[in-house]
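Peer 1: From first to last, the protein sequence lines stand for chains A and B.
The first sequence begins at -2 in our numbering and counts up one residue at a time.
The second sequence begins at 11 in our numbering and counts up one residue at a time.
From the three backbone atoms N, C-alpha and C, an ideal C-beta is built for every residue, glycine too.
Nothing here was measured: the structure is a model prediction, and the numbers come from that model.
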Amino acid sequence: MPVISAEKAQSTYDVVIVGSGAGGGQTAYTLTMEGVKVLMLEAGRSFDPATEVAMFQLPSHAPLRGTKTPDKQYGFHDSSIHSGWDIPGEPYSNAGTKPEDQFKWWRQRMMGGRTNHWGRISLRNGPYDFKPRTVYGAGFDWPITYDDVAPYYDKVEMLIGVFGSNEGLENSPDSSPGVLLPPPKFRVGELYAQKHAPKAGMKVTPIHRAVLSVPQDAEKIPARLHPGNPKAQAILADSMRGRAPCFWATDCHRGCSIRANYDSQTVHLRPALATGNLDILPNAMAREVTLSKDGKANGITFIDKTTGQEGHVKGRVIVLAASSQESVRLLLNSKSTLFPQGLANSSGKLGKYITDSVGSSFSAHIPAFEGMPLHNEDGAGGPHAYVPWTQHALNRKGELGFPGGYHLEFNPGRHMPNMTVANGAERLAGRSGTSYGRQFKEDARRFYGCRIGFGAQGTMLPNDGSFCEIDPNLKDQWGIPVLRFHWKWTEHELNQVRHQQQRIAELLEALGGHFSKPPETDPLKAIRNGGTVIHEVGGAIMGADAATSVTNQWSQTWDVKNLFLADGAPFASTADKNPTLTIMALAWRMADHLMDELKKGNI
Amino acid sequence: MPPHVPLSAPLDRRAAIQWMLTATAGLSIPGTASAQAQSAAKSPIPPITAKGYGPDPDIVKIYNPGDVWPLTFTDAQRRTATALCDVILPADETSPAASAVGVPAFIDEWVSSPYPEQAPDRPLIIEGLDWIHAESQRRFQLPFPDLQPAQQTAICDDIAAAKPKPEHKKPAAFFKRYRDLTAGGYYTTPEGMKDIGYRGNVTSATFDGPPLEALKHVGLA
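(1) Spell out whether any CB of chain A is found under 8 Å from the CB atom of residue 59 of chain B.
(2) How would you write the range of the alpha helix (DSSP H) that residue 442 of chain A sits in, first residue to last?
(3) Taking C-beta pairs closer than 7 Å, name the residues in chain A that residue 190 of chain B reaches, listed in chain order.
(4) Output, in sequence order along the chain, the residues in the stretch 355 to 379 of chain A whose CB is closer than 8 Å to any CB in chain B.
(5) Strictly by DSSP, which residues pair up with residue 403 of chain A?
(6) Scan the stretch 195 to 209 of chain A for residues whose Cβ lies nearer than 8 Å to a Cβ of chain B and list them as they occur along the chain.
(7) Rounding to the nearest angstrom, what Cα-Cα distance links residue 151 of chain B and residue 158 of chain B in this structure?
(8) Taking any Cβ of chain B, which residues in the stretch 408 to 433 of chain A have a Cβ under 7 Å from it, in chain order?
(9) Just the Cα atoms here: how many angstroms apart are residue 544 of chain A and residue 461 of chain A?
(10) Let me check one thing: in DSSP terms, what residues is residue 309 of chain A bridge-paired to?
(11) Assign residue -1 of chain A to one of three DSSP states: helix, strand, or coil.
(12) Check whether the Cβ atoms of residue 557 of chain A and residue 292 of chain A sit closer than 8 Å, and answer yes or no.
(13) Can a CB atom of chain B be found closer than 8 Å to the CB of residue 12 of chain A?
(14) Quick one: which unbroken alpha helix (DSSP H) runs of 4-plus residues sit fully inside the stretch 219 to 288 of chain A? Chain order, please.
(15) Per DSSP, what are the beta-bridge partners of residue 361 of chain A in this structure?
(16) From the DSSP output, read off the bridge partner residues of residue 424 of chain A.
(17) Flag residue 245 of chain A as yes if its beta-carbon sits less than 8 Å from any beta-carbon of chain B, otherwise no.
(18) To the nearest angstrom, how far is it from the Cα of residue 13 of chain B to the Cα of residue 57 of chain B?
(19) So, does the CB of residue 138 of chain B fall closer than 8 Å to a CB anywhere in chain A?
(20) What is the DSSP secondary structure of residue 131 of chain A, reduced to helix, strand or coil?
(21) In chain order, what residues of the same chain have a beta carbon less than 6 Å from the beta carbon of residue 138 of chain B, not counting five sequence neighbours either side?
(22) Between residue 411 of chain A and residue 208 of chain B, is the Cβ-Cβ spacing less than 8 Å?
(23) Can you list the residues of chain A that residue 1 of chain B reaches, using a CB-CB cut of under 7 Å?
(24) Can you tell me whether residue 215 of chain A is helix, strand or coil according to DSSP?
(25) Since residue 537 of chain A contacts residue 548 of chain A with CB under 8 Å, what's their CB separation in whole angstroms?
(26) Give me the residue from B/154, B/74, B/116 with the minimum Cα distance to residue 132 of chain B.
(27) Out of A/571, A/13, A/17, point me to the one whose CA is closest to residue 266 of chain A's CA.
(28) According to DSSP, residue 84 of chain A sits in a beta bridge with which residue or residues?
(29) Tell me, please, which residues DSSP counts as bridged to residue 465 of chain A.
(30) Have a look at residue 66 of chain B and residue 49 of chain A and give me their C-alpha separation to the nearest angstrom.
(31) By the DSSP assignment, the beta strand (DSSP E) with residue 11 of chain A in it spans what residues?
(32) I believe residue 359 of chain A touches residue 501 of chain A by the beta-carbon criterion, under 8 Å. Please report the beta-carbon distance rounded to the nearest angstrom.
(33) Going by DSSP in three states, residue 597 of chain A sits in which element: helix, strand or coil?
(34) Counting only the same chain and skipping the five closest in sequence on each side, list residues whose C-beta sits under 7 Å from that of residue 11 of chain B.
(35) For residue 553 of chain A, which of helix, strand or coil comes out of DSSP?
(36) Using DSSP's beta-bridge definition, name the partner residues of residue 515 of chain A.
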């Protein structure tokens, strides 16, 4: 079974999945390895990381030196195609008018979705993150604990390949023995930060990222992941042997043709296709989940973008993994006499409680790095280290004014130069005016690679002011009604950003950093807009009570037994951890439950 | 008039006149300012009609300026741009001059871009190059590329100053932006990367961390 066109779709499937990213990929992998027949719809075109990514191209090989444009919003060589916060023909709207009340919605319309482009930072949510109401007295407790998800974190980490180390951190859990790949050595800036951060009461530890630092163990892992399933073991072993370890060059956001990086196609879809149990239909823009007379989901209506025609595919089970807000939109647009307010929305909570990471950043010049002996600092195409949140004691005292915490990401080093690499050299040299000539060349050499910036990503608990609904007036180019967003920061997020700015400044001072301006004291100026960290989740949150949530603990909608979600939509809140690893762990857990229910005849 | 005269054309023309009047302020020969203003008014900056490269370009391909949208500079502007690039980043013992690695063509590509981020640079750079040309003629009766290095520096020093004279304020804004574009264009080429000290973008079987001398440099060894 392969990548197909609409007319090749079979009359029905066991499961139809919408979306080919982390959640859809993991679901397809788990199900097809166990013999379930799956059709996957993807709104974008096919994309082959082995041949289509620009790994070694220089900025000078691209228009405008590869800078960001409205057509390629992360830069020319970034592997995001047909993607961005603004896509022609695919609008959305905002109810709020103030800048801080705007939500920006990133969409990635391509095979593999956002897994082609991301930092591969793979941190586990901790026990507190699943129980914010209990721990912090705010937000909603998830109906599951860390212990429910821990085995799936192990499985996903073994499958996708995550480097890192076990540090015994509070609320940043360790992996089981033998699961993580060895972390790469730190660069100068990471070692320097590790030495001096304790002066500011912080620590620098290896980060976890889904990049192979060494080859995966194709002898042992398949048997651990698929006990009693020799076919699955053989397929996975073959897939693992086809992945090369990192060759310590090139930016991971460009994608990875040697498959050292995790992306959905490399890790999930290739073995899933090899089972013979998966069909993938690209260029299929889902419009509506259809229902049978007995109120069960029975298929998906979609627009075939290659012809503009509407099509329909059938399945016994429907899994939405279109990305959190796209899945919500699909459900809100699936209205019927049984569900006049949108499918699976008897609670009225569909679209509610959207969250994103709470982000801000600050940087400084580190004089100690001037005149550094030249060497190659590319490493694993992204960070090797990070600053975990460790101030849980202050959380417990209630002194911070915000729940949870934030971690700091940083990626120091002598990166591939970009358009701004020499800007401000005269200021650093203490010269006035605009430098030019031989002096400027010398200054540029002296100050290159001497900047460190820290970006904070923190907990956001749900609030009543951050939600989406169907815009009553606006439709996209396919005639599908679009989303209208409402966004509100609460005092929690604003207090957190104040703290972020202050603490980053203290850390930079501990590193001997010089800043050109003081840290931002107005949190509304420092905070990154909702959606711009691209960690938006929620909108169909899971809960223990059908009256106040959209899905149960298995990401199964309360209202429709054979309708599941496998993206970030069921998240009850955003931890300070990046969500993708948790999306995959929950998807695997959901898929196991789904197969159990199919076997028992409950679905 | 072409069918799609840009709304900004009259503004460009006014701006050009303003730059020229500024450039020639204090000139003792009556009539020259208006003559130059008229000649500038005859060549407004052409509108951009090209489209962008779209959301799904061939990202593996290697592009050159002019491949995706047409370039703008006139011959005179290109000559001025080239000379100015090399005053900003001249050849030295370790690396070539900016023009030798194609920076003028890159800046032409930049100001010819159909995207909003580059739009403000288009009049600033093109009018700035015209100003440099006129200023060279006014001071030394020669185009900028034909000046002696000291003459070129005399003009650049005026517009590189921290507090430029009132009549140099706009040329100073041009020079700062032109310098930054030149530097960005230069350090993103293989030669520029080598010069600034970037040693990456090469594969390696292992990542061994920093060398001992780098660790010593920051007190870590």
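Peer 2: Answer, in terms of the structure:
(1) Counting from one through the second sequence, the residue named residue 59 of chain B turns up at place 49. For residue 59 of chain B, the answer is no, since every Cβ of chain A falls outside 8 Å of its Cβ.
(2) Within the first sequence, residue 442 of chain A is the residue found at index 445, counting from 1. Counting along the chain, the alpha helix (DSSP H) containing residue 442 of chain A begins and ends at 435 to 444.
(3) As a working mapping, residue 190 of chain B is identified with position 180 in the second sequence. Within 7 Å Cβ-Cβ: 420.
(4) In summary, the residues of the stretch 355 to 379 of chain A whose CB is separated from some CB of chain B by less than 8 Å are 365, 366, 368, 369, 370, 371, 372, 373, 374, 375, 376, 377, in the order they occur in the chain.
(5) The residue you call residue 403 of chain A lines up with position 406 of the first sequence. Residue 403 of chain A is bridged to A/455.
(6) Interface annotation for the stretch 195 to 209 of chain A against chain B: empty, criterion Cβ-Cβ distance under 8 Å.
(7) To locate residue 151 of chain B, count along the second sequence from 1; it is residue 141. To locate residue 158 of chain B, count along the second sequence from 1; it is residue 148. If you draw a straight line from the Cα of residue 151 of chain B to the Cα of residue 158 of chain B, it comes to about 12 Å.
(8) The residues in question are 411, 413, 414, 415, 416, 417, 418, 419, 420, 429, 430, 431, 433.
(9) Position 547 of the first sequence, counted from the first residue, corresponds to residue 544 of chain A. Position 464 of the first sequence, counted from the first residue, corresponds to residue 461 of chain A. Each residue's alpha carbon lies about 16 Å from the other.
(10) Here residue 309 of chain A refers to the residue found at position 312 of the first sequence. According to DSSP, which records beta bridges pairwise, residue 309 of chain A is partnered with A/298.
(11) Your numbering for residue -1 of chain A matches position 2 in the first sequence. Coil, per DSSP.
(12) Residue numbering aside, residue 557 of chain A sits at position 560 when the first sequence is read from its first letter. Residue numbering aside, residue 292 of chain A sits at position 295 when the first sequence is read from its first letter. Yes.
(13) For the purposes of this step, residue 12 of chain A is identified with residue 15 of the first sequence, where counting begins at 1. Look at residue 12 of chain A: its C-beta is not under 8 Å from any C-beta on chain B.
(14) Within the stretch 219 to 288 of chain A, the complete alpha helix (DSSP H) segments of 4 residues or longer fall at 227 to 238, 267 to 271, listed in chain order.
(15) Taking the first sequence and counting its residues from 1, one reaches residue 361 of chain A at position 364. For residue 361 of chain A, which the question treats as bridged, DSSP gives the partners A/449.
(16) Numbered from its first residue, the first sequence carries residue 424 of chain A at position 427. Beta-bridge partners of residue 424 of chain A (DSSP): none assigned.
(17) Here residue 245 of chain A is taken as the residue at index 248 of the first sequence, counted from 1. It does; some Cβ of chain B falls within 8 Å.
(18) On the second sequence, position 3 is the one that residue 13 of chain B refers to. On the second sequence, position 47 is the one that residue 57 of chain B refers to. The predicted position of residue 13 of chain B is uncertain, since its pLDDT is 33 and thus under 50; a value taken from the coordinates is nonetheless stated next. Answer to the nearest angstrom: the Cα atoms are 11 Å apart.
(19) The residue you call residue 138 of chain B lines up with position 128 of the second sequence. Judged by the 8 Å Cβ criterion, residue 138 of chain B is not in contact with chain A.
(20) Within the first sequence, residue 131 of chain A is the residue found at index 134, counting from 1. Three-state DSSP puts residue 131 of chain A in a helix.
(21) Taking the second sequence and counting its residues from 1, one reaches residue 138 of chain B at position 128. The answer, listed in chain order, is 184.
(22) In the first sequence, counting from the first residue as 1, residue 411 of chain A sits at position 414. In the second sequence, counting from the first residue as 1, residue 208 of chain B sits at position 198. Closer than 8 Å, so yes.
(23) An answer regarding residue 1 of chain B cannot be provided, because it is not within the stretch 11 to 231 covered by chain B.
(24) Position 218 of the first sequence, counted from the first residue, corresponds to residue 215 of chain A. Three-state DSSP puts residue 215 of chain A in coil, outside helix and strand.
(25) One-based indexing of the first sequence puts residue 537 of chain A at position 540. One-based indexing of the first sequence puts residue 548 of chain A at position 551. With 8 Å as the limit, residue 537 of chain A and residue 548 of chain A qualify as a contact, their Cβ atoms being about 6 Å apart.
(26) Here the question's residue 132 of chain B lines up with position 122 in the second sequence. When only C-alpha atoms are compared, the closest one is B/116.
(27) Within the first sequence, numbered from 1, the residue matching residue 266 of chain A stands at position 269. The shortest C-alpha separation from residue 266 of chain A is found at A/17.
(28) What you label residue 84 of chain A is simply residue 87 of the first sequence in a count that begins at 1. In DSSP, residue 84 of chain A forms a bridge with A/87.
(29) Taking the first sequence and counting its residues from 1, one reaches residue 465 of chain A at position 468. Looking at the DSSP assignment, residue 465 of chain A forms a beta bridge with A/482.
(30) What you label residue 66 of chain B is simply residue 56 of the second sequence in a count that begins at 1. What you label residue 49 of chain A is simply residue 52 of the first sequence in a count that begins at 1. Between residue 66 of chain B and residue 49 of chain A, the C-alpha separation is close to 11 Å.
(31) Taking the first residue of the first sequence as position 1, residue 11 of chain A is located at position 14. Where residue 11 of chain A is concerned, the enclosing beta strand (DSSP E) starts and stops at 10 to 15.
(32) By one-based count along the first sequence, residue 359 of chain A stands at place 362. By one-based count along the first sequence, residue 501 of chain A stands at place 504. Between residue 501 of chain A and residue 359 of chain A the Cβ distance is about 4 Å, and since that is below 8 Å, they are a contact.
(33) Your numbering for residue 597 of chain A matches position 600 in the first sequence. Helix, per DSSP.
(34) Within the second sequence, residue 11 of chain B is the residue found at index 1, counting from 1. A caution first: residue 11 of chain B carries a pLDDT of 32, below 50, which makes its placement in the model unreliable, though a value can still be read off. Closer than 7 Å at Cβ, skipping near neighbours: no residue.
(35) What you label residue 553 of chain A is simply residue 556 of the first sequence in a count that begins at 1. The answer is strand: DSSP assigns residue 553 of chain A an E or B state.
(36) In the first sequence, the residue the question calls residue 515 of chain A occupies position 518. In DSSP, residue 515 of chain A forms no bridge with anything.
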